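Residue numbers (the working numbering): 192 to 1102.
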């Protein structure tokens, strides 16, 4: 070659030599970078959705920030006092106060309002108003802004303040909601005469009846009495009730409230705008609210609203509840993230190992001819970077497009880590393998490999870490402060088990080789010999990936199964059966309802029960013991079907005037097993407890006493209908209930179950677990394929040699299938055992309650959401690994059989 001649570019030449391998490597990096980038974005996205949902679905009286200031004092002139509460003055303070809200807290203008209200309700003097216990109703007056944009006039018109209203004005206009008008018998044109003014009552003429456009939002629900009237009681025995309602005045009528004894006060209500909040704003929200309630923020607010202004809100409790749920879920989700990350790292390392093994002779020749490690490693780094960097960038781009609204930095770091590992894998592997030139390669059979001291120290260190993480997880659970070692406990257990199995693997191979050699056929012996002569690195990494993936899949599947079981059980405890139908006022069920429900498609069992209350002793004044009258045969069958305190019908027999009964543990402890007299509805009944059950369908929670309804003389009849079945036609069921009578409530177990998984935090965490299990299984299968591909040329050459000696194509497929079987069986059996042991070891430290059941639902599962090993999560991945290993080996034998033996046996040909 001439002195100035340039050789062929290394990277271009190598990529053109093996384009398929380069494309496959790029696809692997793309998928891995996508997963590494999309995982933190998905977690942040569902956490953001959870925060926004907590603020939008929370009770407005808890989430609204209310700034209040007392009305101007009597030391000021009446005209100045009236000017201070007019809409113009309040609007100016509203604009200033909004600008003083600390970041990231911002007000929603559509649902915020300001005005003047009476802190103390005023008594109505009108005799035409309803008086439940002879007490007159009381009204809270609110001169609130923005009524026209939040209500539809159903009758009449909106109130106005035509002439300037002063402190001495005693006649104003007002409006009420449709619910208030219906409850208090008001209409457009009605008048209210309100006491509490020194020189005569205040007359409020109702000019309109309003229908709130969004009754559950902050404008109407920040003070619920404005939307819906309610019954309040005075502190007497027995309590006496009266109506509490609200009247909406025109904003310009606020000065009239200053002349009365209703303790008027100015207020500004700011509904938080949740649309632009992110999960990272949770702590800033709490800090901002603390500053507004008692800190620098309050000082600034007083500068705008007055020196005695106060700000109150329950927003910090709402955000705190969200934060507690998020912090409880995050460590459990981190377990899945660690599992998929570990398997992905193993697969990337294996891909580098396959490439290094394929080019082992080439690299050894370069070293023998004087090539430096740095020069070879640099060229290999450039060679891998060309497909890896663009693929990782595409994966990052796809992750950004797939999940919007999250911070870019975590995704960039994840994709960058994948790129670094993918680019450095092949150069580092080649540099370690060829750190000194060698004439031939030492034997590294699985059956003859002897671990060195460094490997032993590394394995013992990993063992110590695994034991420490498991102990920490069992002792304090996942409620710690983000300890990554605790979240990595399942992965560490799987890694330790894989290393132990790799050390033990040669033993069964040696034991089985002797008996196999005495068999007549050669396939069994050759397969075991080939499995034992596989390079240790070829067996270790696939086994490591498979065990880690199977452990993660078993743990993740058990988590999902535990969550599903807890929600199923909680939904059952809410209804007691698949369908629960009851009257809204406790009156008996209409005749024919049971027959109509029984005819609905899907209904298998129907039973009616009556719930009354009795006194445990004749001397007791209160009747607090729930007595459930049932039909023994149908109720016992339904209780057994629902697995809620099942019993046989003969436990509720009647003998000599004594009713046999089934009781809850507390009732049985108090009444005893001997006959006992209870008093219900003025009649004494003798009962004898024959069985004790913790729960029953009629009253899934709390105490109960079940008796035969036929033995209860003078009972009010059945008030609850329970039904069980599969594939219920819910539309037909509701239609049948509507046709049977009015004032009936229908509760479906399926609907209660669906309501338990509506929270974005719970749903997002479940999706992460499902994705982690699926991705881990895919990486495990890819690891198995890479392990077989690494030794594919040698295996094909062996098959060709054996075919020249008379081995048939069928025997060749059997040979390769049986050769792959020991590793697959070892991984499957070990994965099932390790998965079962991991779940058992870590179950005491895993709290699934917050992941399974939304805190706001008020629903609890008996004993909490327990983590138990799921059989299907253990068996299905293991069986899939065995089947895939055999399928890949058979496919390779079929592909190798299509080519002639001469093609494989050409000297020096590495194809």
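We put the CB at the ideal spot given by N, CA and C, even for glycine.
Remember, predicted model here, so these are calculated numbers, not experimental data.
Contact with chain B by residue i, beta-carbon distance below 8 angstroms
i           : result
residue 330 : Going by chain labels, chain B is absent from the structure shown, which holds only one protein chain.
Any non-hydrogen atom of the ligand ATP closer than 7 angstroms to residue i Cβ
i           : result
residue 232 : With respect to the ligand ATP, the structure shown offers nothing to examine, as it has no ligands at all.
Other residues of its chain near residue i: CB distance less than 6 angstroms, five sequence neighbours each side excluded
i            : result
residue 1052 : Legend: pLDDT at residue 1052 = 49, less than 50; position of this residue unreliable, value from coordinates given subsequently. Counting only Cβ-Cβ distances below 6 angstroms, and skipping sequence neighbours, we find 757, 760, 761.
residue 154  : The requested residue 154 does not occur in the structure, where the chain is confined to residues 192 to 1102.
residue 673  : For residue 673, the pLDDT reaches just 47, beneath the cut-off of 50, and the residue's location in the model is therefore unreliable, although a value from the coordinates is still provided. So the list is empty, once near-sequence residues are dropped.
residue 519  : 1041
residue 733  : 974, 975, 978
residue 578  : 213, 216, 217
residue 1047 : Interpretation of residue 1047 is limited by its pLDDT of 42, a score under 50 that renders its predicted location unreliable; the figure taken from the coordinates is listed afterwards. No residues qualify anywhere along the chain.
residue 324  : 431, 432
Cβ shell of residue i (< 7 angstroms), same chain only, five flanking positions each side left out
i           : result
residue 781 : 931, 932
residue 358 : 269, 272, 273, 446, 449, 450
residue 331 : 308, 309, 312, 416, 437
residue 485 : none
residue 832 : 796, 915
residue 844 : 851
residue 589 : 225
Beta-carbon contacts of residue i that lie in its chain and below 8 angstroms, excluding the five residues immediately before and after
i            : result
residue 337  : 304, 410
residue 146  : With the chain running from 192 to 1102 in the structure shown, residue 146 is simply not present.
residue 1079 : 975, 976, 979, 1011
residue 847  : none
residue 1049 : For residue 1049, the predicted model reports a pLDDT of 45, less than 50, meaning its position is unreliable; a value from the coordinates is still stated below. The answer is none, since no qualifying residue turns up.
residue 1106 : Look at the range of the chain in this structure, 192 to 1102, and you will see that residue 1106 is not part of it.
First and last residue of the uninterrupted alpha helix (DSSP H) at residue i
i            : result
residue 1058 : Looking at the DSSP string, residue 1058 is not in any alpha helix (DSSP H), and its letter there is neither H nor E.
residue 834  : Segment: none, residue 834 is in no alpha helix (DSSP H) and carries neither H nor E.
residue 269  : 269 to 275
residue 493  : 487 to 496
residue 955  : 951 to 981
residue 223  : 210 to 248
residue 397  : Where residue 397 is concerned, there is no enclosing alpha helix (DSSP H), although the beta strand (DSSP E) it sits in stretches over 393 to 403.
residue 624  : 599 to 624
residue 683  : 680 to 695
residue 330  : Per DSSP, residue 330 belongs to no alpha helix (DSSP H); it is in the beta strand (DSSP E), 329 to 335.
residue 308  : No alpha helix (DSSP H) holds residue 308; the beta strand (DSSP E) holding it covers 304 to 309.
residue 816  : First-last for residue 816: 816 to 821, but that is the beta strand (DSSP E), not the alpha helix (DSSP H).
Residue i and residue j closer than 8 angstroms at C-beta
i            : j            : result
residue 684  : residue 1025 : yes
residue 342  : residue 266  : no
residue 897  : residue 821  : yes
residue 137  : residue 960  : The requested residue 137 does not occur in the structure, where the chain is confined to residues 192 to 1102.
residue 966  : residue 531  : yes
residue 479  : residue 488  : yes
residue 862  : residue 880  : yes
residue 364  : residue 441  : yes
residue 370  : residue 418  : yes
residue 604  : residue 791  : no
residue 681  : residue 742  : yes
residue 523  : residue 956  : yes
residue 800  : residue 927  : no
residue 574  : residue 1030 : no
residue 1104 : residue 771  : Outside the displayed range of the chain (192 to 1102) lies residue 1104, so it cannot be described from this structure.
residue 817  : residue 746  : no
Host beta strand (DSSP E) of residue i (start-end)
i            : result
residue 880  : 874 to 883
residue 1010 : Careful: residue 1010 lies outside any beta strand (DSSP E), inside the alpha helix (DSSP H) at 1000 to 1033.
residue 384  : 382 to 385
residue 461  : 455 to 461
residue 796  : 794 to 805
Cβ separation of residue i and residue j, assumed to be a contact under 8 angstroms, to the nearest whole Å
i           : j           : result
residue 608 : residue 227 : 7 angstroms
residue 232 : residue 597 : 4 angstroms
residue 919 : residue 887 : Contact doesn't hold; Cβ gap of about 22 angstroms is too wide.
residue 508 : residue 253 : 7 angstroms
residue 328 : residue 318 : Not really, about 11 angstroms apart at Cβ, beyond 8 angstroms.
residue 583 : residue 230 : In fact, because the Cβ distance is near 15 angstroms, the residues do not count as touching under 8 angstroms.
At least 3 beta-carbon pairs within less than 8 angstroms: the segment 459 to 468 vs the segment 372 to 379: Per the Cβ contact rule, the segment 459 to 468 is not in contact with the segment 372 to 379 (fewer than 3 Cβ pairs under 8 angstroms).
Meets three-Cβ-pair contact criterion under 8 angstroms: the segment 249 to 262 and the segment 614 to 626: No: fewer than three Cβ pairs fall under 8 angstroms.
Three CB pairs or more closer than 8 angstroms across the segment 493 to 504 and the segment 655 to 664: Fewer than three Cβ pairs drawn from the segment 493 to 504 and the segment 655 to 664 lie within less than 8 angstroms of each other, which leaves the two stretches out of contact.
Segment contact, 8 angstroms Cβ cut-off, at least three pairs: the segment 800 to 819 with the segment 864 to 875: Note that the segment 800 to 819 touches the segment 864 to 875; at least 3 beta-carbon pairs, one per stretch, sit closer than 8 angstroms.
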